[in-house]
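Please read the structure below before turning to the comments.
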Amino acid sequence: MIPRVAKWQLVIFAIVGIAALVYTAITYARVDRLLGVGTYTVKAIFPDSGGIFQNAEVTYQGVPVGQVGTLRLQQDGVAVDLLINSSGPKIPASAVAVVADRSAVGEQFVDLRPANTAGPYLKQNSVITNTQIPTPLQDVLKSAVDLTDSVPVNDLSTVVTELGKALNGQGENLRKLLDSLSDLSKAGLDSLPQTVSLIQNSDVVLGT
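Counting in UniProt numbering, the sequence shown runs from 1 upward without gaps.
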């Protein structure tokens with residue numbers, strides 16, 4: 001027979017263990033998000049995935065507010081579930097869902113960019129149809145190739161040759177020009193506060 005004190009110790013140990021498991025599940029495993037607790041789901045319709053993936057970050061004007069859920073292919077594009085934190089700021093329904101890159105080689109995320117801060121606001125089962133995705137890399141490369149193809153090789157060669165002739169022996173003058181531009185830029189930065197103040201007070205001056 002288990003003594004009464006031992007029983008209470010087992011009960012307390014079990015309660016503490018369960019509390020620790022719940023805390024770990026919510027804090028690290030994000031079980032609350034998997035169960036939909038503390039979030040609401042908004043569907044965004046993109047023409048294609050744009051490189052976005054499940055569990056990618058969702059931001060509102062650059063501030064994290066949720067993560068990407070399920071992606072589903074449909075006739076008019078790709079439907080992407082956005083799991084938004086209920087405790088976050090209210091997000092206007094006018095927001096544009098933009099698939100953005102953190103850098104040239106960084107991972108994609110979804111940024112919600114509102115046209116204004118007025119309501120109505122996004123809520124459970126809201127649908128965002130105003131979306132944008134990055135320009136595909138192949139399109140960028142094709143545009144670059146088309147641009148280079150549009151420049152006549154002979155004319156470009158002539159321009160480079162004549163430019164070389166014009167700058168021949170002008171190394172010292174070019175150095176002086178660069179030094180002067182550097183001094184000019186520094187002077188502009190040094191006088192920036194006065195320039196800004198002058199612009200801000202221009203209405204008063206012009207109104208007298």
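We put the CB at the ideal spot given by N, CA and C, even for glycine.
Mind checking which residues open and close the alpha helix (DSSP H) that includes residue i?
{"i": "D183", "result": "171 to 190"}
Does the Cβ of residue i have 16 or more other Cβ atoms within 10 Å, making it buried, or fewer, making it exposed?
{"i": "residue 261", "result": "A query on residue 261 cannot be resolved here, the shown segment of the chain reaching from 1 to 208 and no further."}
{"i": "F53", "result": "exposed"}
{"i": "A44", "result": "buried"}
{"i": "Q124", "result": "exposed"}
{"i": "A166", "result": "exposed"}
Over what stretch of residues does the beta strand (DSSP E) that includes residue i continue unbroken?
{"i": "Y121", "result": "Segment: none, Y121 is in no beta strand (DSSP E) and carries neither H nor E."}
{"i": "Q108", "result": "108 to 113"}
Name the DSSP beta bridge partners of residue i, please?
{"i": "N85", "result": "T39"}
{"i": "E57", "result": "Q67"}
{"i": "P92", "result": "Y121"}
{"i": "R102", "result": "DSSP lists no partner for R102."}
{"i": "G77", "result": "Q74"}
{"i": "Q132", "result": "V98"}
{"i": "V127", "result": "K43"}
Considering only residues of the same chain and omitting the five flanking positions on each side of residue i, which have a CB-CB separation below 8 Å?
{"i": "G62", "result": "D111"}
{"i": "residue 213", "result": "Because the chain is modelled from 1 through 208, residue 213 falls outside the range shown and cannot be assessed."}
{"i": "N85", "result": "G38, T39, V65, G66"}
{"i": "residue 211", "result": "With the chain represented from 1 up to 208, any question about residue 211 goes unanswered, as that position is not in the structure."}
Excluding sequence positions up to five away, which residues of its chain have a Cβ less than 6 Å from the Cβ of residue i?
{"i": "T70", "result": "D81"}
{"i": "G51", "result": "Q108"}
Sorted by chain position, which residues of the same chain lie with C-beta nearer than 7 Å to residue i's C-beta, five sequence neighbours on each side aside?
{"i": "T117", "result": "P92"}
query: Counting Cβ pairs, one atom from each stretch, are 3 or more of them under 8 Å apart for the stretch 170 to 189 and the stretch 85 to 102?
result: Note that the stretch 170 to 189 does not touch the stretch 85 to 102; fewer than 3 beta-carbon pairs, one per stretch, sit closer than 8 Å.
message: Under 8 Å: do the stretch 158 to 167 and the stretch 114 to 132 share three or more Cβ pairs, one atom per stretch?
response: Using a C-beta cut-off of 8 Å, the stretch 158 to 167 makes no contact with the stretch 114 to 132, since fewer than three inter-stretch Cβ pairs fall below that distance.
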